[in-house]
Structure formats: structure tokens, C-alpha cells
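These notes concern the structure reproduced below.
4 protein chains.
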Amino acid sequence: MRRRTISWHPPEASRRDAAAFSGLEYLQALLDGRVERPPAAVLVDYRIASVATGRVSYELVPEEMHYNPFATVHGGILATLLDSALTAAVISILPRGRGCSTTEIKVNYLRPVIADSGRLVCEAQVVHAGRRMAAAEGKVRDVNGRLCAMGVGSCLIFDAT
Amino acid sequence: MRRRTISWHPPEASRRDAAAFSGLEYLQALLDGRVERPPAAVLVDYRIASVATGRVSYELVPEEMHYNPFATVHGGILATLLDSALTAAVISILPRGRGCSTTEIKVNYLRPVIADSGRLVCEAQVVHAGRRMAAAEGKVRDVNGRLCAMGVGSCLIFDAT
Amino acid sequence: MRRRTISWHPPEASRRDAAAFSGLEYLQALLDGRVERPPAAVLVDYRIASVATGRVSYELVPEEMHYNPFATVHGGILATLLDSALTAAVISILPRGRGCSTTEIKVNYLRPVIADSGRLVCEAQVVHAGRRMAAAEGKVRDVNGRLCAMGVGSCLIFDAT
Amino acid sequence: MRRRTISWHPPEASRRDAAAFSGLEYLQALLDGRVERPPAAVLVDYRIASVATGRVSYELVPEEMHYNPFATVHGGILATLLDSALTAAVISILPRGRGCSTTEIKVNYLRPVIADSGRLVCEAQVVHAGRRMAAAEGKVRDVNGRLCAMGVGSCLIFDAT
């Protein structure tokens, strides 16, 4: 039996932090460790690795705990990494007081991922931002730069106040 | 701080079990607790709830640990539930010696999910199965039967031997 | 050489008609031939076959003019049929003065379509409608009821006035 | 009433040409006008504009005949352009005797297209090619370089002989 203990802060802290800043400020604070990671990030163990306006990267080190019955990383884990990165790319362009909600995501799985794939990097960027909708795309590469998965998604943008 | 300890069996057991049975037999054994859940199922805490040829359901009880920074269940967690169910629906029609690999999934997020949404049920079914490809669709409903997310995906089918 | 002449009314007529009615009234008028088909419908030669609140069907008789280089119906033609039907399903629930715009569509091609496939019917329905977004799904079947393609899509809903 | 007459060659010619060449040779011949455009290309009036291994561009001049009831270019027409380009990108890497079939496509509509948008260019490229599956992505831009739509899709690759 393998065992792992995870611990997280109540999500109210994340939510309060997310509302107190512009999107870019919030993500920068997350990167700097000045605000708490949301629970899902702790559970799945992905983290933000870089942020700029309209462009972010997230990382995940694939481990046995991410495996499906075929002993490869579950597609949903890769979808979680992509969803996080695509949404953050959109968040990065939002001023304080504007929020977004991901309405759909499409993921293509291109190569099986295993623990030996090494650290995964998901780079995502906004490809279009209108007043009410934004679209973003992202790509997941393994430690050797091989493309493992890609995703595209849409976010609805609204007043968060 | 909240804390949770998870424990899982090495995935070699899952993989060996998955190869020893027809797809339907494997899923039935998973439902009956005669084979181990894969690590990702333990981590995210979803589980199979029913299985028939071409049709399965999976469940997940949404909890705080699944939350994104907005204090709702992370879209990737719903994608994980859908991916698991869609893939299992395809697995359920495969004879021993045939395997499948999910090549893509599209998820529409229709309603925010929180812990108060109650137990989520994802029903999935195969909508088409050819010699080399199959497609499946699934819907996630909350405890009140409200549709929260839906997904469609494709699997490549191959000889697993 | 094969030849075909198409003729259509200026789209201003369609646009004016679409704005003058509730969604359901417009689609019913289209079905009854009381308003003009939009140019794309004439070009590709699809037409509405039934309409109810939240549910429509569209038809297309596959012909050689729809073929790709492999002598099967071009995927884009099936996407056009699905896009038309999904969007109309959403239109059917909109009151006068509300409009919608399809923001994304995902199509799975499940079976090649040729002229011998016979009349295609695409049934589509709204699966979720919120204040700002709606989602719909549709399935294309051939004259023998075999599933040829399926699609899911999202529409942004807004004030058209 | 507006009127347009289209004429095309029987698709048997396209199919024979497509089978007689490597993918790249076929697309180059299409670009050079040495083989006939498939019927759907004539109907919708898109055409190949450039080709290299793994990368193609297609063009379409939006016209009134492409309009939906809202007097903008029908999403299915943009999907047809994207589907053509994505599939051609995959075709461009196939040796003689190998064929492909597009199994799914996802299109995001980012900006309405009208006749005044001017000539649309869709650039598409293969992002992954395995033995049995390939994935491609494409972007449609208007004459001012503004992104109007994007698509990702998958192709199944097989022996065409």
C-alpha cells in the first residue's frame, strides 16, 4: 500500500484572495507563495510556474498516484492541468472586479504520460478576448519537450462584484 | 488546515487485473470490490456505481478538497469523472485481449458544483463502436438531477496482446 | 462536368424576419415557407424539418456536390447541418428581442456518408439554458437510422435589441 | 433574387488522383491546378493556397451566399474551411498508399465574419502524428489578420490499399 497525506487551507482564503486583486496580481501572488493554493491544486499537485499578461505556465510531476488502470497518467489529471492553465491565462487579463467561468474545454491526448515522462509543463495563452467571452489554448509537454496533450477552451467573462 | 490521507495499491495490480478479464468482467469486478481501484480513482475519490454492456455510471461526492480558487469544484475534477465514465463505457464492450485509449474528450460545464450539490452521478454510454474507434457520451447530474456537465469523447481500440 | 444553379434572397430578408419574431415563431415560419431560407441553407441545401420548444430537426439529402476528395460527404457539410440544428434548437427557446451566437461546436464523425446513405436527419435539442449561455446537442442519422455524426455546441445569449 | 451556377467534375477523378500520389504530391497538384478540386470545394468555394509537409493554408472569400439568418457567414462554412485545412495538413505527411479519415473536429468561433471581412486565410498544421492517429490545429484570420475562428481535430490513419 502506498500512502500520501495532503493538507490544504479552507477555500474561503483562495476566494477572498482571488477577489481582492486583479487577475495578474492574484496569479503573481500565487506564484510567489503569498496566497494559498486552492484545494484542487494541492490534491492533484499541480502548480503555477510562470505568469504574464495573457500567458501562463503550470507544472505537474506525474506520479503513480495519478495513474489510471492502465498504469499511465489518467486523462482527467491532464485535463485538470490544462483547465487550470487555460483558465489562469484568461484570469491574467482580467481587471479587479471581473471574473470568469470556464464553459467548455476540449482535450486531445497525444502521448501516454508515465512517471518517467518527467516534469510536465503546460503553457497556455489567450487567443481571443472579447467583452463577454475569451478563448485560450494550451499544450502539455514532457521533460523532453514532447507534446503529450493539448487543449482549447472558452471562458465566460462577467462582473464579479 | 484540512488534512486527508489517501492510500492506494501499486498500479501494477490494476493493470494486471484489467488485462486478465474482458472489459465487462473487469468493471464488474471493480464494482464488486474484487479488484483494486486505480490510484487516480482513490486520489480524486470517484468510483464506479453500475455497469452494463456499453453503459456505465460513476459517482463522486464533491468536497472542499475538489475546489478551485472560486470555491467551486474544479472543472478538471468533473473532466476526470467524465473521462473515467466515457472510457469505462467503451471498455465495457471490449473482449479480453482488446484495449482502448482515449484520444480526446470535450466537456461542457453547465452549472457550478459545490459540496452542497450532493453526490454527482455520471451516466455514460457508447454511441458508436467501429473496429478501430469508438465514441461515448456522458452526463453529470447532481443529487437533484440537475445537469452539471456533459462530455463526449473518442477511444482508439487496439489489440492489447 | 456537373452543373447546378442556386438562387437565394438577399440575407437582409432573413435577418429582418429573424428579428421580428420570437425564435419559435421564426423557425415555424421557416418550416412553413413563410420566410426565406438563409443563403447558406440554399447553398448547402439543408432545411428545417420540424420544430418544437428546445428541439428541432434538420434534413439534408447527400449528393455528389457535397463530396470531398475521397468521394464521401465532406465533414464540413455535416458540421454545417449540425451547427444549423444546434443553433436553431437554442433559437427555439428565445423570446423576441433575444439573440444568440454559437461560440463553439464539437463534431464527431462516426460513419462515412455517401449519396446512397439517403436523406440525413439531424435531431438537436437544448440540454441546458442559463441566462447567458445555452448548450445543445444533436445527432445525424442516415435513412436507415444509423448514427453518422454527433455534435455538441454552446451559444452565447444576449439582447438583440 | 441572387443566382450562382457552380460546376464540378465527378468525384471519381478526385478520388483517383488522391490515391495515385503521396499526400504532398496530391496537394501540390491541387494547388497547381493539375487535378480537379473536389465538389465540396467548388460548392463552398474554398481553395488551397499553400502546402508544405505538415502545414497548409486554405482560403475562402466570404460572400453573401455563405450567410446564415443573421447575415453573417454561417459557422458551418468556417467549419468546412477548417476541416479541409486540418485534414489536408495530415494528408500532407502521408506517403502514397496511406489514407486518413477525420474523426472529430472542434471549432471555436471568435469573431463574426461578413463579406467585408475580406479574404479569409486558414493556416493549419499537424501537431502530432503517431502510427494510427494524427492531430492538427488551424486558425482562420480575416484580411486584417484578426483571428475569426480556430479548430483542432483528429484523423485516423490507415492503409488505403
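Chains as they are written, first to last, in this note's numbering: chain A, 1 to 161; chain B, 1001 to 1161; chain C, 2001 to 2161; chain D, 3001 to 3161.
Backbone N, C-alpha and C fix where the C-beta goes; we use that ideal spot for every residue, glycine too.
Check: Hey, could you find the ends of the beta strand (DSSP E) V2051 (chain C) is sitting in?; Outcome: Y2046 to A2052
Check: Where do the N-terminal and C-terminal ends of the alpha helix (DSSP H) with R3 (chain A) fall, by residue?; Outcome: Where R3 (chain A) is concerned, there is no enclosing alpha helix (DSSP H), although the beta strand (DSSP E) it sits in stretches over R2 to W8.
Check: Between which two residues does the beta strand (DSSP E) carrying R1015 (chain B) extend?; Outcome: Premise fails: R1015 (chain B) lies in the alpha helix (DSSP H), P1011 to A1020, not in any beta strand (DSSP E).
Check: What separation, rounded to the nearest whole angstrom, lies between the Cα atoms of V51 (chain A) and D32 (chain A)?; Outcome: 11 angstroms
Check: Starting from the beta carbon of S3092 (chain D), find every residue of chain F whose beta carbon is closer than 7 angstroms, and list them in chain order.; Outcome: Going by chain labels, chain F is absent from the structure shown, which instead holds the protein chains A, B, C and D.
Check: Please list the partners that V1107 (chain B) has in chain A, where partner means a Cβ-to-Cβ separation under 7 angstroms.; Outcome: E104 and I105
Check: Quick check on the burial criterion: 16 or more other C-beta atoms within 10 angstroms. Buried or exposed for R37 (chain A)?; Outcome: buried
Check: Considering only the alpha carbon of each residue, which of D:C3148, D:T3161 and D:C3155 lies closest to T3072 (chain D)?; Outcome: D:C3148
Check: For R1132 (chain B), which residues in chain D fall below 7 angstroms Cβ to Cβ?; Outcome: L3156
Check: What residue from C:K2139, C:I2093, C:L2078 and C:Q2125 has the CA that sits closest to G2023 (chain C)'s CA?; Outcome: C:I2093
Check: Mind pulling the chain D residues with CB within less than 9 angstroms of E2012 (chain C)?; Outcome: A3071
Check: Below 8 angstroms on the Cβ atoms is my contact criterion, and I expect G2138 (chain C) with A2085 (chain C) to pass it. Report the Cβ-Cβ distance as a whole number of Å.; Outcome: 5 angstroms
Check: How is the beta strand (DSSP E) around S57 (chain A) delimited, first residue to last?; Outcome: R55 to L60
Check: If you follow the alpha helix (DSSP H) that T87 (chain A) is part of, which residue opens it and which one closes it?; Outcome: G75 to I91
Check: For chain C, find out if any of its Cβ atoms is closer than 8 angstroms to the Cβ of L1147 (chain B); answer yes or no.; Outcome: yes
Check: Give a yes or no on whether 8 angstroms exceeds the smallest Cβ distance from R3002 (chain D) to chain C.; Outcome: yes
Check: What residue from A:V35, A:G130, A:T53 and A:E59 has the CA that sits closest to V44 (chain A)'s CA?; Outcome: A:E59
Check: With a threshold of 8 angstroms, are at least 3 pairs of Cβ atoms found where one atom belongs to the stretch 104-121 of chain A and the other to the stretch 1112-1119 of chain B?; Outcome: no
Check: Give the interface partners of A2124 (chain C) over in chain B, defined as CB-CB distance under 8 angstroms, in chain order.; Outcome: Correct list: empty, because the minimum Cβ distance to chain B is about 14 angstroms.
Check: Please look up how many angstroms separate the CB atoms of Y2046 (chain C) and V2035 (chain C), rounded, as I've assumed it's under 8 angstroms.; Outcome: About 16 angstroms separates the two Cβ atoms, so there is no contact after all.
Check: Can you list, in chain order, the residues of its chain with a C-beta nearer than 8 angstroms to that of P11 (chain A)? Leave out the 5 residues immediately preceding and following it.; Outcome: P38 and P39
Check: Entirely within the stretch 106-157 of chain A and at least 3 residues each: give me those beta strand (DSSP E) ranges in chain order.; Outcome: 120-129 and 133-141
Check: In the structure shown, what three-state DSSP assignment does E3064 (chain D) receive?; Outcome: helix
Check: Which same chain residues end up closer than 6 angstroms to R141 (chain A) when comparing Cβ atoms and leaving out the 5 residues on each side of it in sequence?; Outcome: V121 and L147
Check: How is the alpha helix (DSSP H) around A29 (chain A) delimited, first residue to last?; Outcome: G23 to D32
Check: With 8 angstroms set as the bound, which would you pick, yes or no: does the beta-carbon of R111 (chain A) sit closer than that to a beta-carbon of chain B?; Outcome: no
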